[in-house]
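What follows is one structure encoded as structure tokens, with my remarks underneath.
Numbering (our numbering), first residue to last: 40 to 242.
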């Protein structure tokens, strides 16, 4: 169910999306108009499930305000945070959205969030109608895989302290916004290890 938002608020959110996409590649007035008319703003509360395990992701979400995390569950039901996404990021299960198959992960809001929504069906129509949008989509996909490779390399090569410091470098206010349990899970360490690292850095 769509939440009720003001037209002004929705238009501002759409302009932020157009600015984000336009920074990747210039867009024709027709493409801008199509994106404007085919997206809508959704406001959801903290801990709202955008995508659950075994669901097919039918829409992608551009984060206007708030935080979204993705996580998966092990055989014991313990969740591991795989991504933490902030304003200007796309909240998407790449596998589920583009294959239109069941997801192996959960997308959940960490804060009350405002999200611009674009359906898979409309995205495919835009790709078909506007060649320049295919280029933008390719760059976004490449960026996702580069970030995934960077994270995998950090887990393989960096120490726990190095991973934590690198995270703070990228997101200086993350501690104020994300529970430590989620951060430690994302870094691949226990919460007690994270607490020890933070205690050492305070001296």
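Just so you know, even glycine gets a beta-carbon here, dropped at the ideal spot from N, CA and C.
Got a sec, what are the start and stop residues for the alpha helix (DSSP H) residue i sits in?
i, result
"residue 180", "170-196"
"residue 53", "46-61"
"residue 137", "133-138"
"residue 201", "199-209"
"residue 232", "230-240"
"residue 43", "Unbroken run through residue 43: none, as it is neither H nor E."
"residue 213", "213-216"
Please report the straight-line C-alpha distance between residue i and residue j, rounded to a whole angstrom.
i, j, result
"residue 49", "residue 235", "43 Å"
"residue 239", "residue 82", "39 Å"
"residue 126", "residue 168", "28 Å"
"residue 151", "residue 142", "23 Å"
"residue 45", "residue 225", "35 Å"
"residue 166", "residue 172", "6 Å"
"residue 40", "residue 153", "Bear in mind that the predicted position of residue 40 carries a pLDDT of just 48, short of 50, making it unreliable; the figure below should be weighed with that in mind. Using only the alpha carbons, I get a separation of about 14 Å."
"residue 86", "residue 199", "27 Å"
"residue 146", "residue 89", "5 Å"
"residue 47", "residue 157", "19 Å"
"residue 184", "residue 203", "21 Å"
"residue 137", "residue 220", "30 Å"
"residue 52", "residue 62", "16 Å"
"residue 122", "residue 67", "32 Å"
"residue 84", "residue 214", "20 Å"
"residue 196", "residue 206", "15 Å"
Check whether chain B comes within 8 Å of residue i, counting only Cβ atoms and requiring the distance to be less than that.
i, result
"residue 141", "Absent here is chain B; the protein component of the structure consists of one chain."
From the DSSP output, which residues share a beta bridge with residue i?
i, result
"residue 158", "98"
"residue 148", "107"
"residue 224", "In the DSSP output, where bridge partners are listed per residue, residue 224 has none listed."
### Query
Quick one: complete alpha helix (DSSP H) runs, 4+ long, within the region 59-146?
68-77, 133-138
### Query
Would the region 66-79 and the region 154-164 be scored as touching if the rule is three or more Cβ pairs under 8 Å?
yes
### Query
So, do the region 183-190 and the region 94-111 have three or more beta carbon pairs nearer to each other than 8 Å?
no
### Query
Are the region 129-149 and the region 90-101 touching, with three or more C-beta to C-beta distances below 8 Å?
yes
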